[in-house]
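See below for the structure under consideration.
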Amino acid sequence: MERGVSELAQLACKARKYLVLMAGYDPGMHLGSSLSVIEIVTALYGTGRVKFNVANGAHNRNYFVLSKGHAVHAIYALAAAMGYLSIDELRETGSLGSRLQNHPEVDTPFVDVPNSGSLGQGISMAVGLALGLRLRGEPGRVYLVTGDGELDEGQSWESFAVAAHYGLNNLVTIVDLNGVQLDGHCEEVLRKGDLAARFRSLGFEVFEINGHDIGQIVETLEKAEKSARPPVIIAKTIRGRGVPPIEDTAKQRLSRDDALKYAGNIC
Amino acid sequence: MLDLEGLTPREALGRALADLGDLRKDVVVLVADTGETTRARFFAERHPERFFNVGIAEQSLVGIAAGLALAGFMPYALTFAAFMTRAWEQARNSVDRLALPVRLVGTHAGFADAYDGPSHQALEDIAIFRVLPNFTVLVPADSCEVYRAVTASATVKGPVYIRVGRDFHIPTTCDMYDKFEVGRAYVAVEGKDVAIFTTGVTLPFAIEAAQLLRDRGISAAVVHFPTVKPLDYAAVEKYAAATGAVLTVEEHMVHGGFGSAVAEHLSQTRPTKMAIMGLKSYGRTAKSPQELYQYYGLTPENIAARAEELVRLR
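Here the protein sequences line up with chains A and B, keeping their order.
For the record, in the first sequence the residue sitting at position 101 is 101 according to the UniProt record's numbering, with numbers rising by one throughout.
For the record, in the second sequence the residue sitting at position 134 is 134 according to the UniProt record's numbering, with numbers rising by one throughout.
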């Protein structure tokens, strides 16, 4: 299932539209965080690197760990855009009876590494998983997406050091660098320093890209997958992209009316 | 037969892991710069490819163990119990909520690390791991039981916390029973006036207390619970019913630990006159764990005195 860049861009656009619509039904979702990561998620699923219909218990595959688990709606939206979920089910996101919960949970569909909502923990699990796959002799990779705010957690760097020390080049880390966290802009809340330098000094191969340019994401993934060292793709993004009132802000929510209004302007 | 009595508890732990590694290829061992101090080195020497040191980083230790479990392995993650408690939220969110077969082994628990003082003496670990729904909690008494408990832990489906000391132990269980069963209590002494329930290294103190009580004409039963969770409820009820007075003893805080587990159950099934012996404050630096048992009153004499008091009040 090879998709060209323009087809992927269309998918991402459709998923972005669904995300904004969902915000009208699920006031608990983190819209801004999901919007910033949608092209990255689309590049991973849309190229078939990771799949929505994974066989339970099988280890001969690639894994996806969304460590910034609050952006799980990006996965739901893309699943709907690719035909794995109905719009009716999307509308139920976050409801008590829905399997589409607001963080990746044990019974959440499509999520093969759940419970990544508590920040930093998905990173450690991804490192353990990559270590385990290598120990099993499996050729599969672990794609890890983390937020920049998440990198405040000491646990993140504890485990990145392990990835570097053990030379885990089967772990492809992507930082969704949107520059905003709960309390505001990262620069004001807690400065991250030179992230590229931090990763490089540990022994990572660093790629810096525009995280909304899907062609660039796919191209960089191909390079990162050939890296001899653990690769990290630092993807500059805009939180809330596509919805002007929340773009580059800490705001995550929209009213039903605004959701319908802005969804209409996408694609 | 292995010379388990002659080993220290941490050596028995290292030996058990190394032997388990021979039997099971899915066993991997992780340490947080504690390969030597926990004696996980014994495993590393025999199975170097399945041994990982993640550095002085307990949260990462637990999270990476969870990832290895997702890849189909049965990880044993070892560090000092006091520092394992630092990764409680990781144990909750990355391990327990997924019910992964991760085994967290907290060594130097209780007063075992007398030298390093209260920062290194875990007296809360039973409480905080017991509260997690899927965790099994094992608290062996001596080296024989450490070996058997670690070996038996491999049969548990979900996550396990195993509490181990350092070098101090009084060999007691080696000939007490043949087979360690997770969830089962073992009767060390039969008695009818009062039941002393114990877990971990305080078992020999309780047995000595029962002897002191016998000299005073009081018949005390001593029941040993190397599994704190799931608790052997049948044994709890049986001895509570037979004696009408239950004293629990543990090298742990009196709040939330083994005694609390017994009290929680009895209060709802068979309210029984009870006392809980343990600690109510942090430890201190000392030259040996024995000095601390004396200082904090975890002694056969004190256990006997509390048991006698219970019998009088019954």
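Even glycine gets a Cβ: it sits at the ideal position worked out from N, Cα and C.
Shown here for Ser94 (chain B): same chain residues with a beta carbon closer than 7 Å to its own, the five before and five after excluded, namely Val62, Gly63 and Ala66 in chain order. Contacts with chain B (Cβ-Cβ distance below 9 Å) from the stretch 85–112 of chain A involve Glu105, Val106 and Asp112, listed in chain order. Look at Met29 (chain A) here: in three-state DSSP terms it is coil, with no helix or strand label. At least one CB of chain A lies nearer than 8 Å to the CB of Gln90 (chain B). For the pair Val105 (chain B) and Ile196 (chain B), the CB atoms are not nearer than the 8 Å cut-off.
Apart from the 5 residues on each side of it in sequence, His224 (chain B) sits with its Cβ closer than 6 Å to the Cβ of Tyr186, Ala188, Thr198 and Leu203 in its chain, given in chain order. Taking 8 Å as the cut-off, the Cβ atoms of Val150 (chain B) and Leu20 (chain B) count as close. When 7 Å is used as the limit between beta carbons, Asn115 (chain A) is near these residues of chain B: Asn93, Ser94, Arg97 and Leu98, in chain order. Using a Cβ-Cβ cut-off of 8 Å, Gln155 (chain A) counts as an interface residue toward chain B, since at least one Cβ of chain B sits closer than that to its own. If you look at Lys273 (chain B), you'll find it in the beta strand (DSSP E) that goes Lys273 to Leu279. Taking the Cα positions, Val131 (chain B) is about 21 Å away from Glu181 (chain B). The C-beta of Gly257 (chain B) has 16 or more other C-beta atoms within 10 Å across all chains shown, which makes the residue buried.
In the structure shown, the three-state DSSP call for Ala228 (chain A) is coil. If you keep only unbroken beta strand (DSSP E) runs of at least 3 residues inside the stretch 101–182 of chain B, you get 103–107, 136–138 and 160–163.
Taking Gln59 (chain B) as reference, the option from A:Val243, A:Val189, A:Ala228 and A:Ile123 with the minimal CA-CA separation is A:Ile123.
For Asp26 (chain B), the secondary structure class from DSSP, reduced to helix, strand or coil, is coil. When Cβ-Cβ separations below 8 Å define contact, Leu129 (chain A) makes contact with chain B. Interface with chain A (8 Å Cβ-Cβ cutoff): Gly21 (chain B) is excluded. Secondary structure of Pro75 (chain B) (DSSP, three-state): strand. Of the other Cβ atoms in all chains shown, 16 or more fall within 10 Å of the Cβ of Ser33 (chain A); this residue is therefore buried. Between the stretch 110–120 of chain B and the stretch 278–286 of chain B, the count of C-beta pairs closer than 8 Å reaches three or more; the two stretches touch. Linking Arg241 (chain A) to Ala23 (chain A) through their CA atoms gives a straight-line distance of about 14 Å. Note that the C-beta distance between Ala71 (chain A) and Thr42 (chain A) is not below 8 Å. At a cut-off of 4 residues, the continuous stretches assigned as alpha helix (DSSP H) that sit fully inside the stretch 86–125 of chain A are 87–91. Contacts between Gln121 (chain A) and chain B, judged by CB atoms closer than 7 Å, involve Gly63, Gln90, Asn93 and Ser94 in chain order.
Taking Gly211 (chain A) as reference, the option from A:Gly179, A:His59, A:His103 and A:Arg256 with the minimal CA-CA separation is A:Gly179.
Counting along the chain, no beta strand (DSSP E) covers Ile266 (chain A), and no H or E run does either. In this structure, the CA atom of Tyr76 (chain A) is about 26 Å from the CA atom of Ala69 (chain B). Of the residues assessed, Ala307 (chain B) falls on the buried side of the cut-off, its CB having 16 or more other CB atoms within 10 angstroms. For Gly55 (chain B) and Asp142 (chain B), the gap between their C-alpha atoms comes out near 28 Å.
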